[in-house]
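Working notes for the structure below.
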Amino acid sequence: MKHGKMLLIFGYFGFLGASFLWGFEPGVKIGRNFILFSIEMLKILPCAFVLIGLFEVWVKKETVEKHMGAESGLRGYLWVVLLAGTTVGGLYVAFPVAYSLYRKGARLGVIFSYIAAAAICRIPMTIFEASFLGAKFSIIRLMVSLPLVFISSMLLGGFLEKKQYRLSEGK
33 MKHGKMLLIF GYFGFLGASF LWGFEPGVKI GRNFILFSIE MLKILPCAFV LIGLFEVWVK
93 KETVEKHMGA ESGLRGYLWV VLLAGTTVGG LYVAFPVAYS LYRKGARLGV IFSYIAAAAI
153 CRIPMTIFEA SFLGAKFSII RLMVSLPLVF ISSMLLGGFL EKKQYRLSEG K
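By my numbering, the letter at position 2 of the sequence shown is numbered 34, and the numbering carries on one by one without gaps.
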């Protein structure tokens, strides 16, 4: 399996190199997008990983269990919306934070709500949206989106907890 992954990676970069060499426009566009995406990641990820590391160290497991764990009820969902609203870096940051919440004892449903809320209700994004589409649109979007997020997260979290689902620790 390792050799197959390496072959794909070398094949991808070989395709990009050949595209630049012979002027194959779709390959050149793919290469430029890859470079732009990589630069964006290098701008965001170092700061994000420092913040996630600080979150790991500063936020105690007991605090997460109390506010987002099995006994938190609806309060846990409200906490993650507040946390997600302040998350910068989009889902690049949200997934590692969600994993940290999981390791510290947050319920699966609450974690799903955090990921979805990080995608739809970040404060800077909502302000930007309201400035172009109007505050009324933004409020309606949030009033429709958040209940759907909560309901689907509760259902999926409950289903997976009944099946005693656990995330693997990785390799």
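All C-beta atoms in this analysis are idealised placements derived from N, C-alpha and C, irrespective of residue type, glycine included. Since the structure is predicted, the reported quantities are computational estimates derived from the model, not experimental observations.
Self-check item: Buried/exposed call for A102, threshold 16 Cβ in 10 Å
Solution: Position 70 of the sequence shown, counting from 1, holds the residue named residue 102. Burial call: exposed.
Exercise. Quick one: grab the DSSP three-state call for R107.
Key: In the sequence shown, residue 107 corresponds to position 75, counting from 1. Helix at R107.
Exercise. Kindly confirm or deny that the stretch 187-201 and the stretch 150-161 touch, where touching means at least three C-beta pairs closer than 8 Å.
Key: no
Self-check item: Exposure label - V96; buried when at least 16 CB within 10 Å
Solution: Walking along the sequence shown from the start, residue 96 turns up at place 64. Classification of V96: buried, given that the 10 Å Cβ count is 16 or more.
Exercise. Out of L83, V181, E161, point me to the one whose CA is closest to G141's CA.
Key: Mapped onto the sequence shown, residue 141 falls at position 109. Selected option, being the one with the closest Cα: V181.
Self-check item: Sequence-distant residues of the same chain with beta carbon closer than 6 Å to A212, five excluded per side
Solution: Residue 212 cannot be examined here, being either before or after the span of the chain that is shown, 33 to 203.
Practice problem: With DSSP as the reference, label R135 as helix, strand or coil. | Solution: Position 103 of the sequence shown holds residue 135. Three-state result, R135: helix.
Quiz item: With 16 as the cutoff for other CB atoms within 10 Å, does M100 come out buried or exposed?
Solution: Position 68 of the sequence shown, counted from the start, is the residue given in the question as residue 100. Under this definition M100 is a buried residue.
Quiz item: In three-state terms, what does DSSP make of V233?
Solution: In this structure the chain extends from 33 to 203, so residue 233 is not present and cannot be described.
Quiz prompt | Under 8 Å between C-beta atoms of F47 and G59 | solution = On the sequence shown, residue 47 is found 15 positions in, with the first residue counted as 1. On the sequence shown, residue 59 is found 27 positions in, with the first residue counted as 1. Yes, the pair counts as a contact, with Cβ atoms nearer than the cut-off.
Self-check item: Separation of A162 from G189, as counted between CA atoms
Solution: As a working note, residue 189 is residue 157 in the sequence shown. As a working note, residue 162 is residue 130 in the sequence shown. Cα to Cα, the separation comes out at about 31 Å.
Quiz item: The alpha helix (DSSP H) spanning L40 covers which residue range?
Solution: Residue numbering aside, residue 40 sits at position 8 when the sequence shown is read from its first letter. Note, L40: alpha helix (DSSP H), 34-54.
Quiz item: Beta carbon of Y109, beta carbon of I76: below 8 Å?
Solution: In the sequence shown, counting from the first residue as 1, residue 109 sits at position 77. In the sequence shown, counting from the first residue as 1, residue 76 sits at position 44. In this structure, I76 does not lie closer than 8 Å to Y109 by Cβ.
Quiz item: So which of V113, R173, L165, I159 has the shortest CA-CA distance to S185?
Solution: On the sequence shown, position 153 is the one that residue 185 refers to. For S185, the nearest C-alpha among the options comes from V113.
Practice problem: Can you give me the start and stop residues for the alpha helix (DSSP H) that K98 sits inside? | Solution: Position 66 of the sequence shown, counted from the start, is the residue given in the question as residue 98. Per DSSP, K98 belongs to the alpha helix (DSSP H) from 93-100.
Self-check item: Enclosing alpha helix (DSSP H) for V176 [first to last residue]
Solution: Position 144 of the sequence shown, counted from the first residue, corresponds to residue 176. Where V176 is concerned, the enclosing alpha helix (DSSP H) stretches over 167-194.
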